[in-house]
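K.L.:
Have a look at this one before I ask anything.
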Amino acid sequence: MTNKFEIGDKVAVLDDAIEGIVTRIQNNQISIKTSDDFEMTFFVNELVKLNNSNELGNLFSSKSIGEVLKEKSTPKKHKINTEKRSKKDEFVLEVDLHIEKLVPSIKGLSNFDMLNIQMDEVKRKVEFCLKNRLPKMVLIHGVGEGVLKTEIDFFLGRYDNLVFQDASYRKYGLGATEVYFKQNINK
Numbered sequence: 001m002t003n004k005f006e007i008g009d010k011v012a013v014l015d016d017a018i019e020g021i022v023t024r025i026q027n028n029q030i031s032i033k034t035s036d037d038f039e040m041t042f043f044v045n046e047l048v049k050l051n052n053s054n055e056l057g058n059l060f061s062s063k064s065i066g067e068v069l070k071e072k073s074t075p076k077k078h079k080i081n082t083e084k085r086s087k088k089d090e091f092v093l094e095v096d097l098h099i100e101k102l103v104p105s106i107k108g109l110s111n112f113d114m115l116n117i118q119m120d121e122v123k124r125k126v127e128f129c130l131k132n133r134l135p136k137m138v139l140i141h142g143v144g145e146g147v148l149k150t151e152i153d154f155f156l157g158r159y160d161n162l163v164f165q166d167a168s169y170r171k172y173g174l175g176a177t178e179v180y181f182k183q184n185i186n187k
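In structure tokens, the structure reads:
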């Protein structure tokens with residue numbers, strides 16, 4: 001879906017808290033004037049058109065008030081979920097540590113740099129699981145020469161509140177480590 005922008009449209013920047021009015025369109029670049037009277041230029045794919053309140057009103061005006069009140073007064077049947085979830089259905093954070101999944105390009109990176117990037121990701125994910133009290137995580141490191149697996153084992157061995165083992169061969173093959181976090185009940 002492409003937004004066709006016109007001069008005068010109210011827009012917002014996708015990755016920033018900036019809104020403004022379109023003042024100029026040139027090829028795939030759009031200039032906007034912010035509420036602070038700054039002139040800024042962005043690419044088309046960095047902007048999104050904000051809906052006009054009149055356009056939103058048209059979306060909701062298709063039903064009469066009587067129809068809406070009738071819908072509200074009719075009780076809706078609620079489905080009650082009686083199925084019990086087993087421990088197997090728990091959420092498991094799967095972290096793919098293959099370098100091509102972590103960086104856009106490995107051009108110019110040494111093996112040492114790649115290993116450091118992968119280990120930084122492991123550290124972030126372990127801290128995330130501890131902070132959010134997740135019970136289990138799977139680190140997918142691949143088979144390779146075993147350097148990353150050795151580093152992961154050494155790193156995880158420094159923690160008292162977790163245990164780790166090779167992950168399910170059937171599901172992950174040989175290249176994954178399963179980490180279980182011991183939850184402290186006294187907290």
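Heads up, the sequence shown is in this note's numbering, so the first residue is 1 and it goes up one at a time.
Glycine included, C-beta positions come from ideal geometry on N, C-alpha and C.
1) For L162 versus V138, is the C-beta distance shorter than 9 Å?
2) To which residues of the same chain is K88 closer than 8 Å at the C-beta, ignoring the five residues directly before and after it?
3) Just grab the DSSP bridge partners of D153 for me.
4) Measure the C-alpha to C-alpha separation of L36 and E94 and round it to an integer number of angstroms.
5) When the distance is taken between beta carbons, is Q29 closer than 9 Å to V44?
6) Counting along the chain, where does the beta strand (DSSP E) carrying R24 start and finish?
7) For Y172, report the span of its alpha helix (DSSP H) as first-last.
8) Report the rounded CA-to-CA distance for T150 versus A176, giving the unit in angstroms.
9) Sort I32, L156, I106 by Cα distance to Y180 and report the nearest one.
10) Please name the residue, chosen from I152, T23, D9, V22, that lies closest to V122 on a Cα-to-Cα basis.
P.N.:
Looking at the coordinates:
1) In the sequence shown, residue 162 corresponds to position 162, counting from 1. In the sequence shown, residue 138 corresponds to position 138, counting from 1. Contact flag unset, no.
2) Counting from one through the sequence shown, the residue named residue 88 turns up at place 88. Confidence in K88 is poor, its pLDDT being 48 and thus under 50, which makes the residue's placement too unreliable to answer from.
3) What you label residue 153 is simply residue 153 of the sequence shown in a count that begins at 1. Note: D153 sits in no beta bridge, so no partner.
4) By 1-based counting over the sequence shown, the position of residue 36 is 36. By 1-based counting over the sequence shown, the position of residue 94 is 94. The displayed chain sequence assigns Asp, not Leu, to residue 36. Cα-Cα distance, rounded: 44 Å.
5) Position 44 of the sequence shown, counted from the first residue, corresponds to residue 44. Position 29 of the sequence shown, counted from the first residue, corresponds to residue 29. Against a cut-off of 9 Å, the Cβ pair of Q29 and V44 comes out as a contact.
6) For the purposes of this step, residue 24 is taken as residue 24 along the sequence shown, with counting starting at 1. Run containing R24: 19-26, per the beta strand (DSSP E) assignment.
7) As a position in the sequence shown, residue 172 is number 172, starting the count at 1. Y172 -> alpha helix (DSSP H) spans 169-172.
8) On the sequence shown, position 150 is the one that residue 150 refers to. On the sequence shown, position 176 is the one that residue 176 refers to. Those two C-alpha atoms are separated by around 12 Å.
9) On the sequence shown, position 180 is the one that residue 180 refers to. Cα-wise, what sits closest to Y180 is L156.
10) By one-based count along the sequence shown, residue 122 stands at place 122. Comparing Cα positions, the closest option is I152.
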